[in-house]
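Position 22 of the sequence shown, counted from 1, bears residue number 602 in the numbering used here, the numbering being contiguous throughout.
Heads up, the beta-carbon is just placed ideally off N, CA and C, and yes, glycines get one too.
Data block below; observations after.
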Amino acid sequence: MIPTKKFIKDEFIGRRIKILECTDASLKGLEGTIVDESKNMLVIETNHGMKKIAKNIALFDIDGRIVEGRRITYRPEDRIRKIK
581 MIPTKKFIKD EFIGRRIKIL ECTDASLKGL EGTIVDESKN MLVIETNHGM
631 KKIAKNIALF DIDGRIVEGR RITYRPEDRI RKIK
């Protein structure tokens, strides 16, 4: 499912996430809940503790929607204005 612009502009904290592809092979398949977000990072609570993931190196499944990390490399509050 391709995410809509509205979904990409929404808040991600509290959503389920899975890393589908990543330049760091050790992170591929990691699952958890997003607990914090900055311009370049997502903080994910997993069964193995907190993990910080750079947005621009991964392809994510966020609540069943595929999201390219490079498309969301903005501060959460700036995504509303900058994603077209």
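Which of helix, strand or coil DSSP assigns to residue i
i: Ile599; result: strand
i: Ile624; result: strand
i: Glu648; result: strand
i: Phe592; result: coil
i: Leu610; result: coil
i: Asp658; result: helix
i: Ile663; result: coil
Cβ-Cβ separation, residue j to residue i (assumed contact under 8 Å), whole Å
i: Ile637; j: Lys631; result: That pair is no contact at about 13 Å.
i: Asn620; j: Thr653; result: 6 Å
i: Leu639; j: Glu611; result: About 14 Å separates the two Cβ atoms, so there is no contact after all.
i: Arg651; j: Ile588; result: 7 Å
Best match in the options for proximity to residue i [C-alpha to C-alpha]
i: Thr584; options: Ile646, Thr653, Met621, Ala634; result: Ile646
i: Ala634; options: Lys608, Arg595, Arg661; result: Lys608
i: Leu622; options: Ala605, Glu601, Asp604, Gly649; result: Gly649
i: Asp643; options: Arg655, Asp604, Ile614; result: Ile614
Buried versus exposed call for residue i [16 or more other C-beta atoms within 10 Å across all chains shown]
i: Ile599; result: buried
i: Gly669; result: Residue 669 is absent from the model: the chain starts at 581 and stops at 664.
i: Ile597; result: buried
i: Arg659; result: buried
i: Glu617; result: buried
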